[in-house]
Amino acid sequence: MVMPNTLLEQSLNKRVSLLLKDGRILEGKLVGVDDYMNMVLEDTEETTQDKIRRLGKVILRGNNVVSIAIK
Amino acid sequence: MVMPNTLLEQSLNKRVSLLLKDGRILEGKLVGVDDYMNMVLEDTEETTQDKIRRLGKVILRGNNVVSIAIK
Amino acid sequence: MVMPNTLLEQSLNKRVSLLLKDGRILEGKLVGVDDYMNMVLEDTEETTQDKIRRLGKVILRGNNVVSIAIK
Amino acid sequence: MVMPNTLLEQSLNKRVSLLLKDGRILEGKLVGVDDYMNMVLEDTEETTQDKIRRLGKVILRGNNVVSIAIK
Amino acid sequence: MVMPNTLLEQSLNKRVSLLLKDGRILEGKLVGVDDYMNMVLEDTEETTQDKIRRLGKVILRGNNVVSIAIK
Amino acid sequence: MVMPNTLLEQSLNKRVSLLLKDGRILEGKLVGVDDYMNMVLEDTEETTQDKIRRLGKVILRGNNVVSIAIK
Amino acid sequence: MVMPNTLLEQSLNKRVSLLLKDGRILEGKLVGVDDYMNMVLEDTEETTQDKIRRLGKVILRGNNVVSIAIK
Numbered sequence: 000m001v002m003p004n005t006l007l008e009q010s011l012n013k014r015v016s017l018l019l020k021d022g023r024i025l026e027g028k029l030v031g032v033d034d035y036m037n038m039v040l041e042d043t044e045e046t047t048q049d050k051i052r053r054l055g056k057v058i059l060r061g062n063n064v065v066s067i068a069i070k
Numbered sequence: 000m001v002m003p004n005t006l007l008e009q010s011l012n013k014r015v016s017l018l019l020k021d022g023r024i025l026e027g028k029l030v031g032v033d034d035y036m037n038m039v040l041e042d043t044e045e046t047t048q049d050k051i052r053r054l055g056k057v058i059l060r061g062n063n064v065v066s067i068a069i070k
Numbered sequence: 000m001v002m003p004n005t006l007l008e009q010s011l012n013k014r015v016s017l018l019l020k021d022g023r024i025l026e027g028k029l030v031g032v033d034d035y036m037n038m039v040l041e042d043t044e045e046t047t048q049d050k051i052r053r054l055g056k057v058i059l060r061g062n063n064v065v066s067i068a069i070k
Numbered sequence: 000m001v002m003p004n005t006l007l008e009q010s011l012n013k014r015v016s017l018l019l020k021d022g023r024i025l026e027g028k029l030v031g032v033d034d035y036m037n038m039v040l041e042d043t044e045e046t047t048q049d050k051i052r053r054l055g056k057v058i059l060r061g062n063n064v065v066s067i068a069i070k
Numbered sequence: 000m001v002m003p004n005t006l007l008e009q010s011l012n013k014r015v016s017l018l019l020k021d022g023r024i025l026e027g028k029l030v031g032v033d034d035y036m037n038m039v040l041e042d043t044e045e046t047t048q049d050k051i052r053r054l055g056k057v058i059l060r061g062n063n064v065v066s067i068a069i070k
Numbered sequence: 000m001v002m003p004n005t006l007l008e009q010s011l012n013k014r015v016s017l018l019l020k021d022g023r024i025l026e027g028k029l030v031g032v033d034d035y036m037n038m039v040l041e042d043t044e045e046t047t048q049d050k051i052r053r054l055g056k057v058i059l060r061g062n063n064v065v066s067i068a069i070k
Numbered sequence: 000m001v002m003p004n005t006l007l008e009q010s011l012n013k014r015v016s017l018l019l020k021d022g023r024i025l026e027g028k029l030v031g032v033d034d035y036m037n038m039v040l041e042d043t044e045e046t047t048q049d050k051i052r053r054l055g056k057v058i059l060r061g062n063n064v065v066s067i068a069i070k
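Protein chains in written order, with numbering that gives the first Met the number 0: chain A, 0 to 70; chain B, 0 to 70; chain C, 0 to 70; chain D, 0 to 70; chain E, 0 to 70; chain F, 0 to 70; chain G, 0 to 70.
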């Protein structure tokens with residue numbers, strides 16, 4: 000049994016790919032997470048339908064996150 | 000009487016198919032679940048209208064899940 | 000006076016038709032329900048605009064359910 | 000002063016017309032209600048843009064209800 | 000300083016115009032309100048894009064209300 | 000450091016411009032606010048895509064407000 | 000490990016770029032933040048699909064914020 004929160008903390012300093020509720024995909028190095036699944040990413044890239052934007056260091060609100068793929 | 004949470008815990012290590020609020024379907028092996036129905040899937044495949052993407056290990060936020068079909 | 004929760008528990012082992020927030024209709028035998036109106040259905044069929052899919056045993060999140068028709 | 004909950008309980012066994020968040024209109028005899036405004040209707044008819052469906056006995060989740068017109 | 004709840008209670012027996020989240024406008028005499036801003040209107044008229052419907056006595060869920068204009 | 004609630008209370012009797020979740024813009028004199036950021040505006044004007052409507056005194060539910068610009 | 004809230008407080012007096020749920024982007028100097036991630040921005044510019052608007056001093060509700068990029 001792998002608790003979701005435990006896996007997320009074990010993923011610190013790994014690259015993750017986040018799918019947001021509005022369909023955006025953010026990929027970056029996970030450097031922080033709290034109990035609400037708010038996260039801090041570094042070297043973040045945002046992919047929308049046809050564009051990639053480099054966002055650098057980003058704080059993400061957990062309640063907009065659909066899923067987190069561990070790289 | 001089968002409590003939803005009990006059935007979900009009994010489904011650990013089985014393949015499940017999740018329907019998300021945005022219409023995506025994720026299929027994978029259920030390896031973790033918590034009280035909020037956040038889940039961890041392995042060997043995950045995402046199906047949208049016309050594409051399949053392999054996502055590997057994925058953490059899912061329970062509040063985006065509509066239904067969980069047990070394989 | 001018929002309390003909604005009481006009627007739902009009395010409907011165990013009957014077929015129910017659930018309307019979900021996204022317009023899907025799920026029909027199946029109700030075999031479990033909890034205090035959040037999360038439910039377990041067996042022999043579930045999903046009807047969308049023009050398709051029927053057989054889903055077997057399904058766990059449903061109560062907060063995606065609009066209405067429950069008792070057969 | 001008419002408290003909303005009091006009026007709803009006084010409306011038991013009357014016909015009511017419910018407007019749901021997705022625009023559907025459900026009309027039926029109100030036979031049950033709880034503190035969350037979950038309701039039980041009998042002889043329910045659902046009206047969408049161009050169709051009427053007879054649904055019989057229906058449980059409704061209060062958080063999908065926009066307004067309740069008393070007949 | 001005018002507290003929103005105080006103004007609402009002072010508006011009892013006045014006509015109010017409610018804007019709902021789905022864009023509908025309901026106008027009627029405010030005859031009841033509770034702590035969740037659930038309201039009871041009498042002589043209610045609903046205006047959508049091109050139609051007016053007379054609804055009589057209506058219970059409104061506060062969490063669907065965007066704004067309340069006092070006549 | 001300027002706390003959001005403090006700034007809002009300091010803005011009493013000033014004109015503010017509210018952006019709502021549905022894209023409407025309301026402009027008026029802020030005469031009341033509570034802990035949920037419910038607000039009371041006077042001399043309110045609503046701007047949608049191509050129309051201006053004069054609304055007079057308006058109560059606004061805080062959870063529909065996206066942002067508040069201080070004039 | 001960088002907690003999201005800690006990073007946000009360290010970003011006071013820096014320029015940040017906020018992505019909102021409705022797709023708007025707000026950029027400004029962060030001068031205040033509370034526990035709900037409500038924020039105060041100064042010298043704020045709003046970018047929608049094809050327009051830039053200068054908004055000056057703005058209060059933002061945290062629950063409409065998707066992500067915060069630190070400049």
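Backbone N, C-alpha and C fix where the C-beta goes; we use that ideal spot for every residue, glycine too.
All of these numbers come straight from a predicted model, not from anything done at the bench.
What is the DSSP secondary structure of Gly31 of chain G, reduced to helix, strand or coil? To locate residue 31 of chain G, count along the seventh sequence from 1; it is residue 32. The answer is strand: DSSP assigns Gly31 of chain G an E or B state.
Where Asn12 of chain C falls, given that 16 or more other Cβ within 10 Å makes a residue buried: Residue mapping note: residue 12 of chain C aligns to position 13 of the third sequence, counting from 1. A residue is called buried once 16 or more other Cβ atoms fall within 10 Å of its Cβ, and Asn12 of chain C, having fewer, is exposed.
Please classify Met0 of chain F: is it buried, with 16 or more other beta-carbons within 10 angstroms of its beta-carbon, or exposed? For the purposes of this step, residue 0 of chain F is taken as residue 1 along the sixth sequence, with counting starting at 1. Met0 of chain F counts as exposed, since fewer than 16 other C-beta atoms from the protein chains shown sit within 10 angstroms of its C-beta.
Straight-line CA distance for Met38 of chain E to Val64 of chain E? Reading the fifth sequence from its first residue, position 39 is the one you call residue 38 of chain E. Reading the fifth sequence from its first residue, position 65 is the one you call residue 64 of chain E. Each residue's CA atom was taken as its position, placing Met38 of chain E and Val64 of chain E some 10 Å apart.
Could you check the C-alpha separation between Ile24 of chain D and Arg52 of chain A for me, to the nearest Å? Residue 24 of chain D sits at position 25 when you count from the first residue of the fourth sequence. Residue 52 of chain A sits at position 53 when you count from the first residue of the first sequence. Computed Cα separation, rounded: 44 Å.
Tell me the rounded alpha-carbon separation between Ser66 of chain D and Ile69 of chain A. The residue given as residue 66 of chain D occupies position 67 in the fourth sequence. The residue given as residue 69 of chain A occupies position 70 in the first sequence. Rounded to whole angstroms, the gap between the alpha carbons of Ser66 of chain D and Ile69 of chain A is 44 Å.
Test item: CB-CB of Gly27 of chain D and Thr43 of chain D under 8 Å: Locating residue 27 of chain D in the fourth sequence gives position 28, where the first residue counts as 1. Locating residue 43 of chain D in the fourth sequence gives position 44, where the first residue counts as 1. Yes, Cβ-Cβ distance for Gly27 of chain D and Thr43 of chain D is below 8 Å.
Straight-line gap, Tyr35 of chain G to Arg14 of chain C (C-alpha atoms, nearest Å): On the seventh sequence, residue 35 of chain G is found 36 positions in, with the first residue counted as 1. On the third sequence, residue 14 of chain C is found 15 positions in, with the first residue counted as 1. Rounded to the nearest angstrom, the two C-alpha atoms are 43 Å apart.
Restricting to Cα atoms, I'd like to know which of D:Val32, D:Gly22, D:Leu17, D:Lys56 is closest to Asn72 of chain D. A query on residue 72 of chain D cannot be resolved here, the shown segment of chain D reaching from 0 to 70 and no further.
Using a C-beta to C-beta distance shorter than 8 Å, which residues of chain G count as neighbours of Ile67 of chain A? Position 68 of the first sequence holds residue 67 of chain A. Ordered by position in chain G, no residue passes the 8 Å Cβ test against Ile67 of chain A, which lies about 14 Å from the chain.
Can you name the residues that DSSP bridges to Met38 of chain C? Here residue 38 of chain C refers to the residue found at position 39 of the third sequence. Met38 of chain C is bridged by DSSP to C:Val32, C:Leu59.
What do you reckon, are the CB atoms on Leu29 of chain D and Leu18 of chain D nearer than 8 Å? Your numbering for residue 29 of chain D matches position 30 in the fourth sequence. Your numbering for residue 18 of chain D matches position 19 in the fourth sequence. Contact: no.
Contact check, Glu45 of chain F vs Leu59 of chain F, beta carbons under 8 Å: Your numbering for residue 45 of chain F matches position 46 in the sixth sequence. Your numbering for residue 59 of chain F matches position 60 in the sixth sequence. No, they are not a contact pair.
What in chain G is Cβ-close to Val57 of chain A, meaning under 8 Å? For the purposes of this step, residue 57 of chain A is taken as residue 58 along the first sequence, with counting starting at 1. Neighbours of Val57 of chain A on chain G, chain order: Ser66, Ile67, Ala68, Ile69.
Have a look at Leu6 of chain A and Glu8 of chain F and give me their C-alpha separation to the nearest angstrom. Taking the first sequence and counting its residues from 1, one reaches residue 6 of chain A at position 7. Taking the sixth sequence and counting its residues from 1, one reaches residue 8 of chain F at position 9. When rounded, the distance between both Cα atoms is 43 Å.
Who are the near neighbours of Lys20 of chain D in its chain, counting only those whose CB is closer than 8 Å to its CB and skipping five residues on each side? Locating residue 20 of chain D in the fourth sequence gives position 21, where the first residue counts as 1. If the five residues before and after Lys20 of chain D are omitted, its C-beta is found closer than 8 Å to the C-beta atoms of Asn63, Val64, Val65, all from its own chain and listed in chain order.
Would you give the residue range spanned by the beta strand (DSSP E) that Leu18 of chain C belongs to? The residue labelled residue 18 of chain C in the question sits at position 19 within the third sequence. From DSSP, the beta strand (DSSP E) with Leu18 of chain C extends over 14-19.
Asp49 of chain G versus Gly22 of chain A - alpha carbon distance: Position 50 of the seventh sequence, counted from the first residue, corresponds to residue 49 of chain G. Position 23 of the first sequence, counted from the first residue, corresponds to residue 22 of chain A. Roughly 20 Å separates the two Cα atoms.
Using three-state DSSP, classify Asn47 of chain F as helix, strand or coil. Sequence index remark: in the sixth sequence, residue 47 of chain F carries index 48 (1-based). Here residue 47 of chain F turns out to be Thr, not Asn, going by the sequence shown. Of the three classes helix, strand and coil, the one that applies to Thr47 of chain F here is coil, per DSSP.
Could you work out which residues of chain E lie near Asn4 of chain D, taking near to mean beta carbons separated by less than 8 Å? Counting from one through the fourth sequence, the residue named residue 4 of chain D turns up at place 5. Scanning chain E for C-beta atoms nearer than 8 Å to the C-beta of Asn4 of chain D yields Asp33, Asn37, reported in chain order.
Partner residues on chain C for Leu54 of chain D, Cβ-Cβ distance less than 7 Å: Taking the fourth sequence and counting its residues from 1, one reaches residue 54 of chain D at position 55. Under the 7 Å cutoff, chain C gives Ala68.
Per-residue contacts from Arg60 of chain B into chain A (C-beta, under 9 Å): Position 61 of the second sequence holds residue 60 of chain B. Within chain A, the residues near Arg60 of chain B are Pro3, Met36, Gly61, Asn62, Val64, Val65, Ser66, Ile67.
Kindly list, in the order they appear in chain C, the residues whose Cβ is closer than 9 Å to that of Leu7 of chain B. Position 8 of the second sequence, counting from 1, holds the residue named residue 7 of chain B. Within 9 Å Cβ-Cβ: Ile58.
In DSSP terms, what Val64 of chain B is bridged to: Along the second sequence, one-based indexing puts residue 64 of chain B at 65. According to DSSP, which records beta bridges pairwise, Val64 of chain B is partnered with B:Leu19.
Just to make sure I have the definition right: I need the residues of chain E whose C-beta is within less than 7 Å of the C-beta of Leu75 of chain F. Which are they? Nothing about residue 75 of chain F can be reported from this structure: the residues present for chain F run from 0 to 70 only.
Starting from Leu6 of chain F and walking both ways along the alpha helix (DSSP H), at which residues does that stretch end? Counting from one through the sixth sequence, the residue named residue 6 of chain F turns up at place 7. 3-9 is the span of the alpha helix (DSSP H), which, as asked, contains Leu6 of chain F.
When you compare only the Cα positions, how much space is there between Ser10 of chain C and Ser16 of chain E? By one-based count along the third sequence, residue 10 of chain C stands at place 11. By one-based count along the fifth sequence, residue 16 of chain E stands at place 17. Per the coordinates, the alpha-carbon of Ser10 of chain C lies some 41 Å from the alpha-carbon of Ser16 of chain E.
Sequence-distant residues of the same chain with beta carbon closer than 6 Å to Lys56 of chain C, five excluded per side: Translated into the one-based positions of the third sequence, residue 56 of chain C becomes position 57. Excluding positions up to five away in sequence, the list reads Glu41.
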